[in-house]
Structures are given as structure tokens and as C-alpha cells.
Amino acid sequence: KDVQHILSTNFNNYVKPQGFLDAFQEIFENSFFAVNHHPQAPDAGAGWRLQRKVAAKVFTTANFRTFTEQVFARHGEETLVTARAEAMKARARDGQSQSKDESFRCDMQEISARYTVNSIFDVAFGLPLSEIEGTENFAEHMSFVNKHCAQRLFVKQYYKLLRWVMPSERELQRCTREVQAVADTILLRRLQESEEKINTRSDLLSLFIRKARERAPEAMGLFKLLASALGIKKTQVRILVVGLDNSGKTTLVNHLKPKKSQAREVVPTIGFQVEEFTKSNLNFTVFDMSGQSRYRNLWENYYSDVQAIIYVLDSTDTIRMCVAKDELEQLVEHKELASKKVPILFFANKMDLPNALTPVECMQMLELDSLGSKSWHITASNAVTGRGVEEGIEWLADQFAKGKSRK
């Protein structure tokens, strides 16, 4: 009766707590494990129901006797053969003679981990992990991500406050990007297959693709279709927002947030704050850095992991434009950024105020032509009304789209 109460009678009452969703947000995003099913969920549980329905088609008794059983048996045999071969090599390396005895020593924990990763990967994506380039450390990355996200729940509950100085949080971001890059590679490969070939597959990804196609008109782009129907991960972009104090950085970032999340009163940033928004199929994570002189030394802590920079200027503050120029020079000459082709978006903010400099005048005072090969763009903006902000973000999105097309 207790099991029936939880899984059926009062199922909607048993939801994933917000702490769990936050802790696993980076890696799970909108997947089955990190969305709720109850009517009060943002999508009223539609994403969870869709993913559960598709997953249920794979994890049935019939499928375990066919597709998944074959996968587990194949990888079990391959793992055993590999372990035996490695043991034989170790014997030869240690100068031990070969014997007719077929027994051998092995690290069962390492073998079990390898078997688990390869089997689950095959069930989920329908191909061996070894066929995908850049997966040499995939198991290690997954292990770190799972371990660290679990530690967020029980050990490092302070991670939201101190993530900017925690090496483990930076490592989490790096490992998550590596895991997602593998997933993106597989998704692109699968989407290029014919519908007939996908229909012959029984893995989770193929079933999700087929289900997504059933739920939307053919005219709808497949990437958009998958994103809306399945919550598939969008490209993550990390942006550093810098500029002198009183330039309007926080107001600008506040305007980028969804209307329901925008603050009515904007308070100047002390230290830094993190915001997220979505634009042009990109998920932007924005680090809004304080522009006060005593906090500017914090900027460089984020250079190694940033993919774009937004530099906000107070176009009415002509006196301190030379200070903004000095800070910009230190930024682009920093060892973490000097060799990177990181796009820089300049907002000549407060364009609505009297005596505001034009973007061309700001460009001349900052000597932006000296940036050389770095991609940059400057636009006039009013962070309060949002004028000019969309144009700038569209330029950034276009830079990332061009970057992906060149890869």
C-alpha cells in the first residue's frame, strides 16, 4: 500500500526538491532526472511525461530480452577479453612466464566501471563509446560530475555563495563541457541519418527523435523541435560583463533576464553575481562583475573560462574614459586572453542622456582599432529601456554561430 501511495495514489505530492534540481542543473538540465512531474512544474510536467513515455518503451521486459540484453552480453564479453589481454601484457612486462592456467588478476572496480559506462552508453545512444572521438576521459569526467553534484547536496551546500573561488566548481564546468561535447557529436551524427535508418534503431536517443517528429509539424526545424519537445541541451556560453562602476552593467544584465525574473530596483553589484538567459538557441551564463576599483582585480579570475566579454561604458563619463581604456588594455593583454579569439561586445551605455558620446567617439577614445585580430562590436544602448541591447546580443549569438560553423 505504501508503494502504491507513492507511485500512484498520491504521486504528484512526491517531487524533486529545488536543492536537488539546482545541484544537478549543469549536467541534467531539462532531462528526465532533473524535471518535476507535478502540475505546478513550469511546464506542468509535460517534459517529464514525454521522457518517461519514451524511456518506458526501452526499459520493458521484452526489450531487456532483446536489445539491452544483447548490449550487456556483448560488452561483458568485450570487457573480459580486454581485461585478460591487459593481464597478459602485465605478466610479460613483469617478466612472468605464460602458463596454461587461464586465470588472471584484474581490478574489478575498474573493469566494472568500464563495463557500466560502455553498456549504458550503448543503450542510450546505440553505438559504442570507442567510436566517438575525444572520449578517452569520458568515464572520468562523468564520475567527477556525478560525485561533485552529489557533494553539493550533502557536503558543499555553500557552493552557490563561494563557487567563484572553488576549484571544484571550475572543474565541474570543464568536465560538464566535455561530456556535453560528446553528446552533441552523437546527436549531430544521428540527425544526419535517414528516417528509415533511425526507425530501425532501439536506443533511447533514436526513440526520442522519432517521438519528437511525431509531435510536431515537419516544417519545424528538427533542432528546435528537439529542444522544445525534449529539453535537449542548448549550447552553453559563458560571458564576463565588465566595466567601471556606475556604467550600468547590472541594469543591462537585469534587462536580459525574463520579465518575471527582473528586479524592480537594481542594486549595484558588490563583488559579482551570476545570471542566466537564453537567446538564439544559446544558453548564456553571465558573470556580472563589480566595477569598483577595489573589486576589479577579481575580473582576471574568470578569464580562463570565459567565451565572450561584454564591456559596458558610461558614454557620459568622458573624464574616466581613459580609466576604461587602461582597464581594457590590461584585460586584452592578460596571459589568459592575449592568445584567445574571444569576442568583445561594447555597449556605449546611457545614450539617452545629454552629452553622451556616440559609439564612434567611444571607439576612438578607447582606440578599439588596436585590438587587432580580436572580434569586437560597439553599439549605443540604454540599459533601462533596453534600446540597443538586443542588437548587441544578436551580434554575440552570430559570432558563436560562425564559430561553430567553422569547426
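If you want the numbering used here, it's the position in the sequence shown, counting the first as 1, plus 108.
Backbone N, C-alpha and C define an ideal beta-carbon position, used for all residues, glycine too.
Predicted model, so just to flag it, every value in this text is computed and none were measured.
- Closest by C-alpha distance to residue 365, out of 255, 461, 428 and 394, is 394.
- Taking a contact as a CB-CB distance under 8 Å, the pair residue 232 and residue 312 counts as one, their CB atoms being some 5 Å apart.
- Under the DSSP definition of a beta bridge, residue 345 partners with 392.
- Contiguous alpha helix (DSSP H) elements confined to the segment 266-297 occur at 267-270, taking only those with 4 or more residues.
- One Cα belongs to residue 280, the other to residue 400, and the distance between them is close to 29 Å.
- The Cβ neighbour count for residue 358, taken over all protein chains shown within 10 Å, is at least 16; the residue is labelled buried.
- When rounded, the separation of the alpha-carbon atoms in residue 384 and residue 142 is 17 Å.
- Residue 449 places its beta carbon less than 8 Å from that of residue 483.
- Closest in alpha carbon position to residue 180, among 153, 356, 227 and 285, is 227.
- Taken in chain order, the unbroken stretches of alpha helix (DSSP H) that lie wholly in the segment 417-493 and span 4 residues or more are 429-441 and 467-474.
- Taking 8 Å as the cut-off, the Cβ atoms of residue 487 and residue 462 do not count as close.
- Residues of the same chain with a CB within less than 6 Å of the CB of residue 159, apart from the 5 flanking positions on each side, are 140 in chain order.
- Bridge partners of residue 385 according to DSSP: 392.
- Residue 470 is not a Cβ neighbour of residue 412, given a cutoff of 8 Å.
- Less than 8 Å divides the Cβ of residue 283 from the Cβ of residue 252.
- Straight-line spacing of the CA atoms in residue 350 and residue 458 works out to 16 Å.
- As computed with DSSP, residue 350 is found in a beta bridge with 419.
- Distances from the CA of residue 216 to each of 200, 415, 276 and 191 were compared; the closest alpha carbon is that of 191.
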